[in-house]
Amino acid sequence: MPRIKLPIPKQKHFSTTMFLRIYDMNYGGHMGNDSVLSIVHEARVQFLNYLGVSEKNFYGSGLLMADSAIIYKKEAFYGEQLNIEITVSDLNKYGFDLFYLICNAANKEIARVKTGLVCYNHNMKKLVKLPDVFYSQFC
-1 MPRIKLPIPK QKHFSTTMFL RIYDMNYGGH MGNDSVLSIV HEARVQFLNY LGVSEKNFYG
59 SGLLMADSAI IYKKEAFYGE QLNIEITVSD LNKYGFDLFY LICNAANKEI ARVKTGLVCY
119 NHNMKKLVKL PDVFYSQFC
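Letter 92 of the sequence shown, counting from 1, is numbered 90 in this note's numbering, and no numbers are missing.
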């Protein structure tokens, strides 16, 4: 099976810094692969908060993660600073992708992540159109 590829976007829309918690470590003493999605989830919540929205109230709808992809590049350890840059891309009728570039304080790449998000109405139990206000901001 061929390896996935996630090219680094040129444009960045948001950045944040986090420090690895003991909870993020695995039995090998470094950041666990399962922690990467948790870390980018926190970064995504911060980004949405910056926009004045949330996963539960995204301009009147909710957001669901439809897919994700992770490329692991380098180990990271307890207490290490992570710098996370987020880029909005691939806007479509029902959603968009977020690309996350995770680097350490020395700017060494730790991981690349992509999450595909869709707009969802929880009451109607169906996908809804990507809000125009978001589309116009990031198209």
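Just so you know, even glycine gets a beta-carbon here, dropped at the ideal spot from N, CA and C.
If you're wondering where the values come from, they're calculated on a predicted model, not measured in any experiment.
Rounded to whole angstroms, what's the CA-CA distance from residue i to residue j? Just pull it up for me.
| i | j | result |
| --- | --- | --- |
| residue 68 | residue 122 | 31 Å |
| residue 105 | residue 27 | 21 Å |
| residue 112 | residue 98 | 6 Å |
| residue 1 | residue 134 | 33 Å |
| residue 115 | residue 25 | 31 Å |
| residue 66 | residue 34 | 11 Å |
| residue 51 | residue 107 | 29 Å |
| residue 88 | residue 40 | 21 Å |
| residue 58 | residue 136 | 18 Å |
| residue 6 | residue 86 | 12 Å |
| residue 56 | residue 23 | 32 Å |
| residue 75 | residue 32 | 14 Å |
| residue 63 | residue 120 | 14 Å |
| residue 21 | residue 30 | 9 Å |
According to DSSP, what are the bridge partners of residue i?
| i | result |
| --- | --- |
| residue 146 | The question about residue 146 has no answer, for the chain in this structure spans -1 to 137. |
| residue 98 | 84 and 111 |
| residue 118 | 60 and 125 |
| residue 138 | Summary: the structure shown does not reach residue 138, with the chain confined to residues -1 through 137, and so no result is reported for it. |
| residue 23 | 29 |
| residue 65 | 114 |
| residue 16 | 80 |
Check whether the Cβ of residue i lies closer than 8 Å to any heavy atom of the ligand NAP, and answer yes or no.
| i | result |
| --- | --- |
| residue 44 | As far as ligands go, the structure on display features none, and thus does not contain the ligand NAP. |
Less than 9 Å between the C-beta atoms of residue i and residue j, yes or no?
| i | j | result |
| --- | --- | --- |
| residue 73 | residue 103 | no |
| residue 118 | residue 131 | no |
| residue 84 | residue 37 | no |
| residue 93 | residue 128 | yes |
| residue 109 | residue 71 | yes |
| residue 80 | residue 4 | no |
With a threshold of 8 Å, are at least 3 pairs of Cβ atoms found where one atom belongs to the segment 0 to 14 and the other to the segment 39 to 46? Yes: at least three Cβ pairs fall under 8 Å.
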